[in-house]
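Colleague: One structure follows; several queries about it will come next.
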Amino acid sequence: MITEIARAKLNLALHVRARRPDGYHELETLFAFVEHGDVLRIVPADAPSFRITGPFSGALAGEGDNLVTRAAARFAAIFGGGAHSIELEKHLPVASGIGGGSADAAATLRALARLHHVALDDPKLFEIADALGSDVPACLLGRTAIGKGRGEQLETVPGMPGTPVLLVNPGVAVSTAQVFARWDGQDRGPLGSDPLAGRNDLESPARAIAPVIGDVLETLAAQPGVTLTRMSGSGATCFALFESEAARGNAAAAIVRSVWWCVQTRLT
């Protein structure tokens, strides 16, 4: 059995530069990853099977096809390898801006590559990832990187491994398409030399759809020891970076509410 962690993706900054004729948007973003994520298990089998377990499995109940099964099918079409039994243990909220589905697809590709002795930097793997979704190549790479284009043009940069992070989701699913549709079309400039001094241009439209995102951001920003607070992706998950694990723990204790998902983790 091969086990892969589908680590949650964070957009430490996300600048939307322009709408493209193909329906996508020109982006500049700083991708980073945390230790927490979904768990994917794959084993060779006589016949293909797929099941979802874990605390957020109910959100995907009844799906006969998703990014995991699509990733497995496309891997088989390119590399072969026969049938597999796949279990996805779902720990990340669905439609939450932290790349859950994209991370799951990327973990599937990594697991199958390991199982069938395909190099993890094989260009064909990244071609499959790019065809599956804009965030999948970054999740396949799994390292801190600047993403341009749709987010698929990647340049690795130094990260901040070990930095304490608190993830908070207010329990609402936000449609990525709806958030992008509400972007006002204004180019507010590129990522600078310090991407952490950037912004998330999707925060304002996401807050218009789900005002509770503003409550989360304000609550996080008020916690002692915070060094950066921002919404990730198109929302609704927000995050805060902390100067110490103690400060992060105190913030988690202050923030935990019955309707807010809250996880303590660290940057990888």
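Numbering (numbering that gives the first Met the number 0), first residue to last: 0 to 267. Virtual Cβ for every residue (Gly too), placed ideally from N, Cα, C.
Nearest CA to the CA of A172: which residue from S56, P92, G22?
Modeller: Stepping through the sequence shown from its first residue, residue 172 is reached at position 173. Nearest of S56, P92, G22 to A172, Cα basis: P92.
Colleague: Which one or two residues does DSSP pair with E25 in a beta bridge?
Modeller: To locate residue 25, count along the sequence shown from 1; it is residue 26. Answer by DSSP bridge pairing, in chain order: A17.
Colleague: Nearest to R301 by CA position, among E25, G232, I4, is which residue?
Modeller: With the chain represented from 0 up to 267, any question about residue 301 goes unanswered, as that position is not in the structure.
Colleague: Near R142, which residues of its chain fall below 6 Å by C-beta distance, leaving aside the five closest residues on each side in sequence?
Modeller: Working through the sequence shown from its first residue, we reach residue 142 at position 143. Counting only Cβ-Cβ distances below 6 Å, and skipping sequence neighbours, we find T155.
Colleague: Any idea what DSSP makes of I97, helix, strand or coil?
Modeller: Reading the sequence shown from its first residue, position 98 is the one you call residue 97. I97: coil per DSSP, three-state reduction.
Colleague: Three-state secondary structure (DSSP) at N65?
Modeller: Within the sequence shown, residue 65 is the residue found at index 66, counting from 1. Coil.
Colleague: Can the beta-carbon of P169 be found less than 8 Å from the beta-carbon of V215?
Modeller: One-based indexing of the sequence shown puts residue 169 at position 170. One-based indexing of the sequence shown puts residue 215 at position 216. Yes. Within cutoff.
Colleague: When the Cα of L11 is compared with those of G197, A209, S243, G184, which residue comes out closest?
Modeller: Within the sequence shown, the letter at position 12 stands for residue 11. L11 has its Cα closest to that of G197, out of G197, A209, S243, G184.
Colleague: Taking contact to mean at least 3 C-beta pairs separated by less than 8 Å, is the region 7-24 in contact with the region 39-59?
Modeller: No, they do not touch.
Colleague: Taking all protein chains shown into account, decide if S243 is buried (16 or more other Cβ within 10 angstroms of its Cβ) or exposed.
Modeller: As a position in the sequence shown, residue 243 is number 244, starting the count at 1. It counts as exposed.
Colleague: Secondary structure at Q185, three-state DSSP: helix, strand or coil?
Modeller: Within the sequence shown, the letter at position 186 stands for residue 185. Three-state DSSP puts Q185 in coil, outside helix and strand.
Colleague: Does DSSP put E151 in a helix, a strand or coil?
Modeller: Working through the sequence shown from its first residue, we reach residue 151 at position 152. Residue state, collapsed to three classes: coil.
Colleague: Taking S101 and C138 to be in contact with their CB atoms under 8 Å, please state how far apart those CB atoms are, rounded to whole angstroms.
Modeller: Residue 101 sits at position 102 when you count from the first residue of the sequence shown. Residue 138 sits at position 139 when you count from the first residue of the sequence shown. That belief holds up - the Cβ atoms of S101 and C138 are roughly 5 Å apart, short of 8 Å.
Colleague: Output the distance between the C-alpha atoms of L29 and A144, rounded to the nearest integer angstrom.
Modeller: Working through the sequence shown from its first residue, we reach residue 29 at position 30. Working through the sequence shown from its first residue, we reach residue 144 at position 145. Near 6 Å, if we compare the C-alpha coordinates of A144 and L29.
Colleague: Please tell me whether D200 and W182 are closer than 8 Å, where the distance is taken between their beta carbons.
Modeller: Taking the first residue of the sequence shown as position 1, residue 200 is located at position 201. Taking the first residue of the sequence shown as position 1, residue 182 is located at position 183. Yes. Within cutoff.
Colleague: Here's a check: name, in chain order, each residue in its chain whose Cβ is nearer than 7 Å to the Cβ of L149, leaving out the five neighbours to either side.
Modeller: Reading the sequence shown from its first residue, position 150 is the one you call residue 149. Looking at the sequence shown, residue 149 is not Leu but Arg. Closer than 7 Å at Cβ, skipping near neighbours: Y23, L26, S133.
Colleague: Looking at C-alpha atoms only, which residue of R16, K8, S203 is the closest neighbour of P189?
Modeller: Reading the sequence shown from its first residue, position 190 is the one you call residue 189. The option with the nearest alpha carbon to P189 is R16.
Colleague: On the DSSP letters alone, give me the boundaries of the alpha helix (DSSP H) that E244 sits inside.
Modeller: For the purposes of this step, residue 244 is taken as the residue at position 245 of the sequence shown. Its alpha helix (DSSP H) spans residues 244-254.
Colleague: Along the alpha helix (DSSP H) that carries T175, what are the first and last residues, could you check?
Modeller: The residue you call residue 175 lines up with position 176 of the sequence shown. Per DSSP, T175 belongs to the alpha helix (DSSP H) from 175-180.
Colleague: With a cut-off of 8 Å on the beta carbons, I'd call L227 and A239 a contact; round off their distance for me.
Modeller: Counting from one through the sequence shown, the residue named residue 227 turns up at place 228. Counting from one through the sequence shown, the residue named residue 239 turns up at place 240. At roughly 7 Å, the Cβ-Cβ gap stays under 8 Å, so L227 and A239 are in contact.
Colleague: Is the beta carbon of I97 closer than 8 Å to that of S203?
Modeller: Translated into positions along the sequence shown, residue 203 becomes position 204. Translated into positions along the sequence shown, residue 97 becomes position 98. No, they are not a contact pair.
Colleague: Name, in chain order, the residues that DSSP records as bridge partners for S48.
Modeller: Taking the sequence shown and counting its residues from 1, one reaches residue 48 at position 49. In DSSP, S48 forms a bridge with S84.
Colleague: Within 10 angstroms of the Cβ of E88, are there 16 or more other Cβ atoms? Answer buried if so, exposed if not.
Modeller: In the sequence shown, residue 88 corresponds to position 89, counting from 1. Under this definition E88 is a buried residue.
Colleague: So, with DSSP's three-state summary, where would you put P160?
Modeller: Position 161 of the sequence shown, counting from 1, holds the residue named residue 160. If DSSP states are grouped into helix, strand and coil, P160 belongs with coil.
Colleague: State buried or exposed for R19, treating a residue as buried only when at least 16 other CB atoms are found within 10 Å of its CB.
Modeller: Looking up residue 19 in the sequence shown gives position 20. R19 is exposed by the Cβ-count criterion.
Colleague: Which partner residues of A239 appear in the DSSP bridge assignment?
Modeller: Residue mapping note: residue 239 aligns to position 240 of the sequence shown, counting from 1. Looking at the DSSP assignment, A239 forms a beta bridge with L165, T228.
Colleague: Along the chain, where does the beta strand (DSSP E) that runs through V211 open and close?
Modeller: Here residue 211 corresponds to residue number 212 of the sequence shown, with the count starting at 1. Per DSSP, V211 belongs to no beta strand (DSSP E); it is in the alpha helix (DSSP H), 211-220.
Colleague: Just the C-alpha distance for P43 and G53, rounded to the nearest angstrom, thanks.
Modeller: Residue 43 sits at position 44 when you count from the first residue of the sequence shown. Residue 53 sits at position 54 when you count from the first residue of the sequence shown. About 22 Å.
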